[in-house]
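*Asks:* Chains A and B supply the protein sequences, listed in that same order.
Quick note on numbering: my numbering labels position 32 of the first sequence as 32, and the sequence is numbered without any gaps.
If you want my numbering, it's the 1-based position in the second sequence plus 1000.
For each residue, glycine too, the CB sits at the ideal point set by N, CA and C.
My questions all concern the structure below.
Protein chains: 2
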Amino acid sequence: MAAAPKSSRPCSIADALALVGEKYSLLVLREACLGNGRFDQLVRNTGAPRDVLTTRLRRLVDAGILVRHLYSERPQRFEYRPTQAGLELEPVLMTLMAWGDRHLRGEGARPMVIEHTCGHELAPRVTCAACGATVRHEDLTARPQAPGWTLRGPAAV
Amino acid sequence: MAAAPKSSRPCSIADALALVGEKYSLLVLREACLGNGRFDQLVRNTGAPRDVLTTRLRRLVDAGILVRHLYSERPQRFEYRPTQAGLELEPVLMTLMAWGDRHLRGEGARPMVIEHTCGHELAPRVTCAACGATVRHEDLTARPQAPGWTLRGPAAV
DNA sequence: CTCTGTGAGTTGGAAAAACAAACCCATAAG
DNA sequence: CTTATGGGTTTGTTTTTCCAACTCACAGAG
């Protein structure tokens, strides 16, 4: 029999969520990407309690997702900006927003619209870099690399 | 002056996170998508405490992201499967996994690989459905639809 | 100079969640 | 009859979250 796993499945989804999956973290990143990276703006726009925001910001800076940028000496004032790694999470946010727009509200009531340079409203699509096709569940096969972690097979509704 | 917003920014990212942003929710969805939707599998594979898992599952079912599927009468046994809405969150997970693979570990140590039907390993890419270009931060402009919510402008690192 | 305001946090105590381990119930297998 | 399995619930403890108030450094108005 396969060795029984003692802890949860090793997976970069889990690892990523351990960093950015805490409450408010992704909202903070959203604001940073929008250019609203100052402490009081973050408090207002995310709704996070100030102390929680403090710990989230520390974590995100430590993880290399945000940088603390001094925008005024005397008095010292800081702003949090996304790093390259942070900016690369933006597509995740866009995809999540599109999902929310589709499933969480009736057509027409979107509170924020993103425009793409191409002139159209952004409709993010996740594609396979190799073949260019839109990613669909049926086209995927997961292969865990660690022993002891198996899959039952594709789930049908 | 613009009306000061009392609560946090209205945004489908926030709404989506309110549903699936709690600890373990997306890991549960991952397992459901992998076909491991039974209670004990979920406990083992996500590491969630059983009571927490119970409340997450209820929430995800109520939200229409999972369905509770009876796979055996006498004894009654259930399995949680992703709905269409749940499956449409899978690309978010794939994008997040790719981000984690890139930024959270050295090249080569990925614990799970997804294969696409095209024969290649899946490398998810987020593109603009209108023009097909890969989505990059510099190409986006956010336009909040609700009054009182403004943006500072694009942030540069 | 004092008075008020702003930005960026700390501090302290109450309330809510998470956690761990034990327990429950129906059925099935040995 | 005993043990095992699946899908949870219960109980008690430990962490987090939440909220409001407070601090500190400086700036501008009067």
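(1) For B/A1002, which residues from the same chain have a beta carbon less than 8 Å from its beta carbon, with the 5 sequence-adjacent residues on both sides left out?
(2) Along the stretch 1100–1126 of chain B, where does the CB come closer than 9 Å to a CB of chain A? Name the residues.
(3) Whole-angstrom Cβ separation of A/T46 and A/Y24, contact assumed at under 8 Å?
(4) Under a CB-based cut-off of 8 Å, is B/T1054 close to chain A?
(5) Is B/E1121 helix, strand or coil by DSSP?
(6) Leaving aside the five residues before and after B/H1069 along the sequence, list all residues of the same chain whose C-beta is less than 6 Å from its C-beta, in chain order.
(7) Which residues in the same chain have their Cβ closer than 6 Å to the Cβ of A/H116, if we skip the five residues on either side of it in sequence?
(8) The beta strand (DSSP E) spanning A/T141 covers which residue range?
(9) Sort A/L140, A/A48 and A/I13 by Cα distance to A/T127 and report the nearest one.
(10) If you reduce the DSSP assignment to three classes, tell me which class B/R1077 lands in.
(11) Restricting to Cα atoms, I'd like to know which of A/G108, A/V135, A/R44 and A/D15 is closest to B/S1008.
(12) Is it the case that the stretch 57–73 of chain A contacts the stretch 83–95 of chain A, given that we only count it when at least three CB pairs across the two stretches are under 8 Å?
(13) Is the stretch 1101–1109 of chain B touching the stretch 99–107 of chain A, taking contact as three or more C-beta pairs under 8 Å?
(14) What do you reckon, are the CB atoms on A/L29 and A/L96 nearer than 8 Å?
(15) In this structure, does DSSP put A/S8 in helix, strand or coil?
(16) So with Cβ pairs under 8 Å, would you call B/R1059 a contact of chain A?
(17) Give me the Cα-Cα distance between B/Q1145 and A/D40, rounded to the nearest whole angstrom.
(18) Please list the partners that A/P91 has in chain B, where partner means a Cβ-to-Cβ separation under 8 Å.
(19) Using Cβ-Cβ distances below 9 Å, what residues of the stretch 26–56 of chain A are close to chain B?
(20) I want to see whether chain A comes within less than 8 Å of B/P1075, judged by CB atoms only; does it?
(21) If you follow the alpha helix (DSSP H) that A/V113 is part of, which residue opens it and which one closes it?
(22) Hey, could you find the ends of the beta strand (DSSP E) B/L1070 is sitting in?
(23) To the nearest angstrom, how far is it from the Cα of B/V1020 to the Cα of A/A48?
*Replies:* So, from the data block:
(1) Interpretation of B/A1002 is limited by its pLDDT of 47, a score under 50 that renders its predicted location unreliable; the figure taken from the coordinates is listed afterwards. Contacts found: P1147, G1148 and T1150.
(2) G1100, D1101, R1102, H1103, L1104, R1105, A1109, R1110, P1111, M1112, V1113, I1114, E1115, H1116, T1117, C1118, G1119, H1120, E1121, L1122, A1123, P1124, R1125 and V1126
(3) 5 Å
(4) no
(5) strand
(6) E1079 and R1081
(7) L122
(8) L140 to P144
(9) A/L140
(10) strand
(11) A/R44
(12) yes
(13) no
(14) no
(15) coil
(16) no
(17) 22 Å
(18) T1095, V1126 and V1135
(19) L26, L27, R30, E31, A32, C33, L34, G35, N36, G37, R38, Q41, R44, N45, T46, G47 and A48
(20) no
(21) Element bounds for A/V113: not the alpha helix (DSSP H) but the beta strand (DSSP E), M112 to H116.
(22) L1066 to S1072
(23) 18 Å
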